[in-house]
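Numbers -18 to -1, 1 to 308, taken from mature numbering (1 follows the signal peptide of the UniProt record, and there is no 0), label the letters of the sequence shown in order. Only one structure is covered here, and it is reproduced in the block below.
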Amino acid sequence: MRLNRRHLLLAASSGALAFTGAARGQATWPAKPVKIIVPLAAGSAVDNAARIVAQKMGTELGQSFVLENQPGAAGLVGAGNVAKAAPDGYTLGGFNDSIMTMVPHMHAKMPWDILKDFEPVSLVATVEWGLVVNADSPIRTAAELIASAKRTPGDLTYGSGGNGSPQHIAMALFASQAGVQMKHVPYKGATQAAMGVAGQEVQAAFQGIATVTSLVKAGKLRLIAVATPRRMPQFPDVPTVAESGLPGFEFNSWFAMMAPAGTPRPIVQALHGAIQKSLADPEIREKLNGQGLTPRGTSPDELGAAMRTQFARYGALIKQNGITSD
């Protein structure tokens, strides 16, 4: 069909109207409450952090941010609902790094692709981790734990929140770097695994600091090392794993904000800005620290780069150790 001047003018006009409509939609965002899907149970570290930050984000952007917990299936269903949502800034995901960089390697067929179906917004905070033993254990350092595991390969037991859980991955990484073999005992959750160490059912565990702090303070567990780059202010006398037997070792968990792929960049930037302002609030930082979290607030590009690096790292570790999820 030959396009005359009238056709071209009509086409240009329609395109301009469509662009104006899209721009207007972005300019008025958020015009209604924003839903944050957390594919984890209420009361988890990520859930607690998301609630703290979401409330402040709502204040910054003048609109409610409502959390919806969708646990189960290792986070696959909840994350899938974020991936399938309209990319309009009204559905977000509050994910941990297990969902983002571990789970995809333990399922032959994934309903979504973390690297293609989501838009990174910000790595909001990290959950710091530590290595614990029973308070009466003769093991007092990470170096002693490694030495014990080397003396009797495969005999030293450690607990985790289940096959393929972050606790399992953390100790597999530790054992791989230390060149030792230990016996894995999966429990039905992180808290149960921590209690397993306290009850002398297993000898050691890697755990989020928030999970074990009360047991350490109650004298039931001994925190022998933290998996952070530097010592933690809360435990200044506890050395890092790196300085006490395994140079270069670090491990933590993430709380990251993600959006469906295709979410307009201006909306992603507005979300990131609200997160940064929220994390700059001393009260918010104090609340997060109280949950054993360290505020971060990375840019979308920084989160994307970190996610790709960790995705590859854990993929290799999971394959090497033949790790599968429950």
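We put the beta carbon where it would ideally sit given N, CA and C, even for glycine.
Remark: C-beta atoms of residue 274 and residue 191 approach each other more closely than 8 Å. In the three-state DSSP reduction, residue 202 falls in the coil class, being neither helix nor strand. In the DSSP assignment, residue 140 is bridged to 166, 186. Residue range 275 to 277 is occupied by the beta strand (DSSP E) that includes residue 277, with no alpha helix (DSSP H) assigned at that position.
Taking C-beta atoms as the reference points, residue 145 and residue 306 count as a pair closer than 8 Å. If you check the CB distance, residue 162 and residue 120 do not come in under 8 Å. According to the DSSP assignment, residue 173 belongs to the alpha helix (DSSP H) that extends over 172 to 180.
59 is the residue among 113, 48, 59 whose C-alpha sits nearest the C-alpha of residue 22. According to DSSP, residue 239 shares a beta bridge with 76, 104. Per DSSP, reduced to three states, the secondary structure at residue 232 is coil, with no helix or strand assignment. Cβ-Cβ distances below 7 Å link residue 78 to 22, 28, 235, 236, 237 in the same chain, with the five nearest sequence neighbours on each side left out; the list follows chain order. Between residue 253 and residue 239, the C-beta gap is smaller than 8 Å, which places the two residues in contact. Rounded to whole angstroms, residue 268 and residue 35 show a C-alpha spacing of 12 Å. Residue 233 and residue 110 have their C-alpha atoms some 8 Å from each other. In chain order, 124, 207, 209, 231 place their CB closer than 6 Å to the CB of residue 223, counting only its own chain and leaving out the 5 sequence neighbours on each side. Runs of the beta strand (DSSP E) lying entirely within the segment 21 to 50, each at least 3 residues long, are absent.
The beta carbon of residue 38 sits closer than 7 Å to the beta carbons of 260, 263, 266 from its chain, once the five residues preceding and following it are set aside; these are given in chain order.
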